[in-house]
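Residue numbers (the working numbering): 1 to 1278.
Think of the CB as a built atom: it goes at the ideal place given N, C-alpha and C, for glycine as much as any other residue.
So the structure is just underneath, and the comments pick up after that.
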């Protein structure tokens, strides 16, 4: 992301610099810019250039630092080499075979363990650990328990030795320890105690993460262990009356070890880096999400574990001393509560409430309420998410008892305070707990509807009374505030209507009565309709879906995670290990009970806790009994308040409504539609009798009829699934047909809704509208004459459905139907809407496929489309071109060659059109042909025949006098494709002679682009090569370093230096190894300097070279006048003076100075402190010197420019100085002092003479001036 940001910044800088350059060029060419403006632009350009250079240097510096860090990491983060692993394994096998033993996992394990305990080569340690990790799962349980403690002790020793030098060995050590503990079938707390010896320090981030992952996998495997004694492998409920689950041994171990893991994670939240806290939180959250199952929650051991975790451990994280880690603690609590809150939807939750089951949860909720008062929006958001996760497991009754919000007390506080109090103003704010309404709305599902009526209805009535009181007092602010609270209460009612597990007829009657009353309130109508929609949709969905039983869980026989590769003859198929792998599940996603309780799409009845019989009873016996009171009110409200929420409520309630009430409503809708049609016919008859024709008919007088008809169409679209067949016919006769056959549509929206209703009938009731299909086809064929813009898309969808229905029910009329609608499909292929164009192309492809399936010739649709070229409008001609391109693209392999040649020739001929739209469509067709000719021989042959026509069309278009740049660019792109396909020589022979310059220009631009690409490719290749040489060339010399790759042997003393460096003794170990596996001693540089042998590390040499380079740069910047001095320079200068101390004395003096400043000579810290002192200017000092020098230069330039006279005192009162005759006025002629110099006098005179001679005259003066010039010319000739 940083690199993307840097690139964007570079692009921005380059664009700004480009604009500055453009302005400067325009100023130089003679635009009316003053010298001051030009100078400002120049300075701005210089500043932009400096910023760009600085950014480039920063990017280069980052790249260098990255390469250096990579080189340094090679010492600790080593690469795993499989060839070395193979060699180590073969060596162990040979040693076992030399003792006369068989090679088995046990013998290989013991051999590797023995070799590892005797301190082998350091670079062999990771590979021996890998072999041990591969053998551990194959050992017997007794051997694993016997070798566990010594193996962990050895692993601890290896980690301590390699933690700072070999990251690979540390990682393989933890991998070995992880395989050991995971291979034990029945782990115990003793295993955990032994494993916890490997717990690293909190400051070791990577090691702590590896330990946490291994610990988490141990607990995860134990929790997911499937007992082979049970048929399904899952725990079963006890035979007692409590109904709790009985856990197996591994799951009991999980409940015990989970407390240890929680204590370990909580300990990492104090005095630890943020990265450690983040990784610990991620692992803890993942463990909770993968292991906390209904079996754990509903067991005695799991109950004690969760209660202990929350009360004694996790609540510690919410104390003030852990405030900076509250967000991480809330994330852990949210993950835990999301795995527990399913209890509310089960029978176990009805038997024992959540707060009774886990008493610490109520205290946790109070603590979260206290933390919610902190003024931190991000923290409050996380707290509310945790409260929602916790509240979903408890009933609303429990929640409001713990955190109450009573508006009556709030109103008393307001009256006592005598004014308005803002939300969040402090602890005494009565509105501080109003956030609870938002939490309640999100946890109110699957609750009790009678409790809502009993508890919240009095509060809603009180709120309504307060609103009326404040409105009478004209206190608008307070009235608005309480009105918002009332809306929150009714939104809470919508939450209670989502899958209520307790519902009675009386509670639904009381709620429905209030909701129906709210439909007349514009502010609350949508909320009431949403509540009705949710309760109807919830129970109807559960009543129509078949109930599924929770099946038994399948066992998984996957291999143990992390098993390393071994030879086939060294694998031992032990029964115990196979049993372990067969009994271990990968995750809870394979458990049917867990999926049913946590995934709403797996088994809806189990997830919501509502059976199909109960849902059907609620629909038939409770909701449907109030159909006569609810459904008419919904339809009447929609007439004045047409919203989507009301339409959804009508659709949902129509599925549950009783048939008699639905028939009455449908009859009323149809009668209303018939009355509207009769009224319209009567109005048309009256207008005709009064002498007003169709053209003079005023549609404005039919606004009420249009509104009612629109309402009927919307309601009919929602209930079309519940209509009977005779009602469908009446709906088509009285509503759809009059609207679609209206030659002058009353409303574009009305026509669109009519097409939408027709589309719904074709989509949902295709079999029932089968008898009406001939009339539907007639409407679609006639309706295109007066289609509006709004109805185009829906009409096209209806045509697609009509063709599908025609193929299914009337296959003999398919060809006639396609012939009737193909013209419209062609015209719609050039619409502005991309969706309409895509639908038209899909329709053309479907037409071609259906025509071929009926036995029609392949070119039938092509001939129909070609007929579209006879159209009179450019839209029809261009649409025919696009449609022909689609058919050629789809069926070019099946079309006859003659038809294909004609289509190609016709499409290319259209490029000569003078209409821009047609020419663009033809160029698109030509580009498609050039693309298809690579994979189709028929297209290639047709295009070769029409190639002269294509080139002639390109020449004609580009040779026009007023051709635009876009058209020229379009033709150039097309010609470039032709050159790539056929070659320049072939086109040069047949291209029109008068326009060959365009062909040459296009070819020249192509060559230029190719050269530019080749040049850029060469530069990139060279950069990669230089980078490779710089980083990896020195690796070819085993004793060389990265710095040796840059040595030039042709320099003075370069060869001697190279020989002295590479002929020096090597500190590499006896065994040959790669550059990756060298130890810390192989980092030495030896060279001879002034007759002395100097030994230093590569890092010291690099620092010395950088210091010398900075000194040299500083000398150049300071021009040698103020050269910097160091200790060596002082000593050398002192030696040159007679009577001064010698070189040895100078060195002794230097050592004494170091001793006096930094302490003992043998003190390593003193040596490091001395080496940190860098002689010479630093990079910041160099940059400051450069900036000072540039500032001096700019000041000097400004002083020179200050003397220029710009003629401001001669500014006139008119339009100002105007450029006449190509000569700039006086105000823009720079008068510099330097022009008065004797050396510049001749140049100044010539310049002013040239200005004075250029004059513009008119009339007789011009003639006289021309004659005078001619005479002077003749005189000079003589």
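Exercise for the section: Check whether the Cβ atoms of residue 651 and residue 540 lie closer than 7 Å to each other. Expected result: Translated into positions along the chain shown, residue 651 becomes position 651. Translated into positions along the chain shown, residue 540 becomes position 540. In this structure, residue 540 does not lie closer than 7 Å to residue 651 by Cβ.
Practice task
Report the residue from 741, 762, 867 whose alpha carbon sits nearest the alpha carbon of residue 728.
Solution key: The residue labelled residue 728 in the question sits at position 728 within the chain shown. Closest option to residue 728, Cα to Cα, is 762.
Handout entry: Where the alpha helix (DSSP H) through residue 759 begins and ends
Key = For this step, residue 759 is matched to residue 759 along the chain shown. Here the alpha helix (DSSP H) through residue 759 covers 748-764.
Handout entry: Between the CA atoms of residue 387 and residue 362 - distance to the nearest angstrom
Key = As a position in the chain shown, residue 362 is number 362, starting the count at 1. As a position in the chain shown, residue 387 is number 387, starting the count at 1. Those two C-alpha atoms are separated by around 11 Å.
Problem - Between the CA atoms of residue 478 and residue 432 - distance to the nearest angstrom - result: Counted from its first residue, the chain shown places residue 432 at position 432. Counted from its first residue, the chain shown places residue 478 at position 478. Approximately 16 Å, taken between the alpha carbons.
Exercise for the section: Taking all protein chains shown into account, decide if residue 98 is buried (16 or more other Cβ within 10 angstroms of its Cβ) or exposed. Expected result: Position 98 of the chain shown holds residue 98. Exposed is the call here.
Practice task
Express the C-alpha separation of residue 429 and residue 417 in angstroms, rounding to a whole number.
Solution key: Here residue 417 corresponds to residue number 417 of the chain shown, with the count starting at 1. Here residue 429 corresponds to residue number 429 of the chain shown, with the count starting at 1. Roughly 10 Å between the two C-alpha positions.
Handout entry: Status (buried if at least 16 other CB within 10 Å, exposed otherwise) for residue 934
Key = Here residue 934 corresponds to residue number 934 of the chain shown, with the count starting at 1. Under this definition residue 934 is an exposed residue.
Handout entry: Buried/exposed call for residue 1019, threshold 16 Cβ in 10 Å
Key = Along the chain shown, one-based indexing puts residue 1019 at 1019. The residue is exposed, with fewer than 16 neighbouring Cβ atoms inside 10 Å.
Problem - residue 299 - DSSP class collapsed to helix/strand/coil - result: Translated into the one-based positions of the chain shown, residue 299 becomes position 299. Residue state, collapsed to three classes: strand.
Practice task
In angstroms with no decimal places, state the Cα-to-Cα distance between residue 1266 and residue 953.
Solution key: Reading the chain shown from its first residue, position 1266 is the one you call residue 1266. Reading the chain shown from its first residue, position 953 is the one you call residue 953. If you take the alpha carbons of residue 1266 and residue 953, they lie about 51 Å apart.
Practice task
Specify, as a first and last residue, the run of the alpha helix (DSSP H) that residue 628 falls within.
Solution key: Counting from 1 along the chain shown, the entry for residue 628 is found at position 628. Run containing residue 628: 627-640, per the alpha helix (DSSP H) assignment.
Exercise for the section: Return the CA-CA distance between residue 339 and residue 157, expressed in angstroms with no decimal places. Expected result: Translated into the one-based positions of the chain shown, residue 339 becomes position 339. Translated into the one-based positions of the chain shown, residue 157 becomes position 157. Going from the Cα of residue 339 to the Cα of residue 157 covers about 40 Å.
Practice task
Could you work out which residue in 346, 373, 415 is closest to residue 395 when comparing CA atoms only?
Solution key: The residue given as residue 395 occupies position 395 in the chain shown. Closest by alpha carbon: 346.
Handout entry: Three or more C-beta pairs below 8 Å linking the segment 464-471 and the segment 489-507
Key = no
Problem - Which listed residue (998, 302, 947) has its alpha carbon closest to that of residue 978 - result: Residue 978 sits at position 978 when you count from the first residue of the chain shown. The residue with the shortest Cα to Cα distance from residue 978 is 947.
Exercise for the section: Would you mind stating whether residue 865 and residue 884 have Cβ atoms separated by less than 7 Å? Expected result: Taking the first residue of the chain shown as position 1, residue 865 is located at position 865. Taking the first residue of the chain shown as position 1, residue 884 is located at position 884. Yes. Within cutoff.
Exercise for the section: Report all residues from its chain with a CB closer than 8 Å to the CB of residue 634; omit the five preceding and five following residues, and keep chain order. Expected result: Counting from 1 along the chain shown, the entry for residue 634 is found at position 634. Only 519, 529, 532, 646, 649, 650, 653 meet the Cβ criterion.
Handout entry: CA-to-CA distance, residue 820 to residue 888, given in whole angstroms
Key = What you label residue 888 is simply residue 888 of the chain shown in a count that begins at 1. What you label residue 820 is simply residue 820 of the chain shown in a count that begins at 1. When rounded, the distance between both Cα atoms is 21 Å.
Exercise for the section: May I ask which residues mark the beginning and end of the alpha helix (DSSP H) holding residue 450? Expected result: Counted from its first residue, the chain shown places residue 450 at position 450. Here the alpha helix (DSSP H) through residue 450 covers 449-473.
Problem - Simplified DSSP assignment, three categories, for residue 502 - result: Counting from one through the chain shown, the residue named residue 502 turns up at place 502. Residue state, collapsed to three classes: strand.
Problem - 6 Å CB neighbourhood of residue 163 in its chain, flanking five on each side removed - result: If you number the chain shown from 1, residue 163 lands on position 163. Contacts found: 170.
Handout entry: C-alpha distance - residue 796 paired with residue 788, whole-angstrom precision
Key = For this step, residue 796 is matched to residue 796 along the chain shown. For this step, residue 788 is matched to residue 788 along the chain shown. Taking the straight line from one Cα to the other gives about 12 Å.
Exercise for the section: Would you grab the beta carbon distance between residue 138 and residue 187 for me? Rounded to a whole angstrom, and I think it's under 8 Å. Expected result: Here residue 138 is taken as the residue at index 138 of the chain shown, counted from 1. Here residue 187 is taken as the residue at index 187 of the chain shown, counted from 1. That pair is no contact at about 18 Å.
Problem - Paired residues, beta bridge with residue 245 - DSSP - result: In the chain shown, residue 245 corresponds to position 245, counting from 1. BP columns for residue 245 point to 237, 299.
Problem - First through last residue of the alpha helix (DSSP H) which encompasses residue 350 - result: As a first step, residue 350 must be located in the chain shown, where it is residue number 350. 347-351 is the extent of the alpha helix (DSSP H) around residue 350.
Problem - Beta-carbon gap between residue 460 and residue 435 smaller than 7 Å - result: In the chain shown, residue 460 corresponds to position 460, counting from 1. In the chain shown, residue 435 corresponds to position 435, counting from 1. No, these two residues do not count as a Cβ contact at 7 Å.
Practice task
Check whether the Cβ atoms of residue 324 and residue 285 lie closer than 7 Å to each other.
Solution key: Against the chain shown, residue 324 aligns to sequence position 324. Against the chain shown, residue 285 aligns to sequence position 285. No, the Cβ-Cβ distance between residue 324 and residue 285 is not below 7 Å.
Exercise for the section: Compute the distance between the beta-carbons of residue 144 and residue 184, then report whether it is under 7 Å. Expected result: Reading the chain shown from its first residue, position 144 is the one you call residue 144. Reading the chain shown from its first residue, position 184 is the one you call residue 184. Yes.
Exercise for the section: Report back the beta-carbon spacing between residue 917 and residue 878 to the nearest angstrom; my notes put them in contact at under 8 Å. Expected result: Locating residue 917 in the chain shown gives position 917, where the first residue counts as 1. Locating residue 878 in the chain shown gives position 878, where the first residue counts as 1. Residue 917 to residue 878, Cβ: 5 Å. Contact.
Exercise for the section: Measure the Cβ-Cβ separation of residue 108 and residue 151 and say whether it is below 7 Å. Expected result: Position 108 of the chain shown holds residue 108. Position 151 of the chain shown holds residue 151. No, these two residues do not count as a Cβ contact at 7 Å.
Exercise for the section: Measure the CB-CB distance between residue 936 and residue 892 and report whether it falls below 7 Å. Expected result: Locating residue 936 in the chain shown gives position 936, counting from the first residue. Locating residue 892 in the chain shown gives position 892, counting from the first residue. In contact: residue 936 and residue 892 (Cβ atoms closer than 7 Å).
Practice task
Taking only the alpha-carbon atoms, compute the straight-line gap between residue 62 and residue 1186 and give it to the nearest angstrom.
Solution key: Along the chain shown, read from residue 1 onward, the residue named residue 62 stands at position 62. Along the chain shown, read from residue 1 onward, the residue named residue 1186 stands at position 1186. So the alpha carbons of these two residues sit roughly 22 Å apart.
Practice task
Could you check what DSSP says for residue 657 in three-state terms: helix, strand or coil?
Solution key: Position 657 of the chain shown holds residue 657. Residue state, collapsed to three classes: coil.
Handout entry: residue 1264, buried or exposed, once every other Cβ within 10 Å from all chains shown has been counted against 16
Key = Translated into positions along the chain shown, residue 1264 becomes position 1264. Flag for residue 1264 reads exposed.
Handout entry: Of the listed residues 760, 825, 278, 768, nearest to residue 792 (C-alpha basis)
Key = Taking the first residue of the chain shown as position 1, residue 792 is located at position 792. Closest by alpha carbon: 825.
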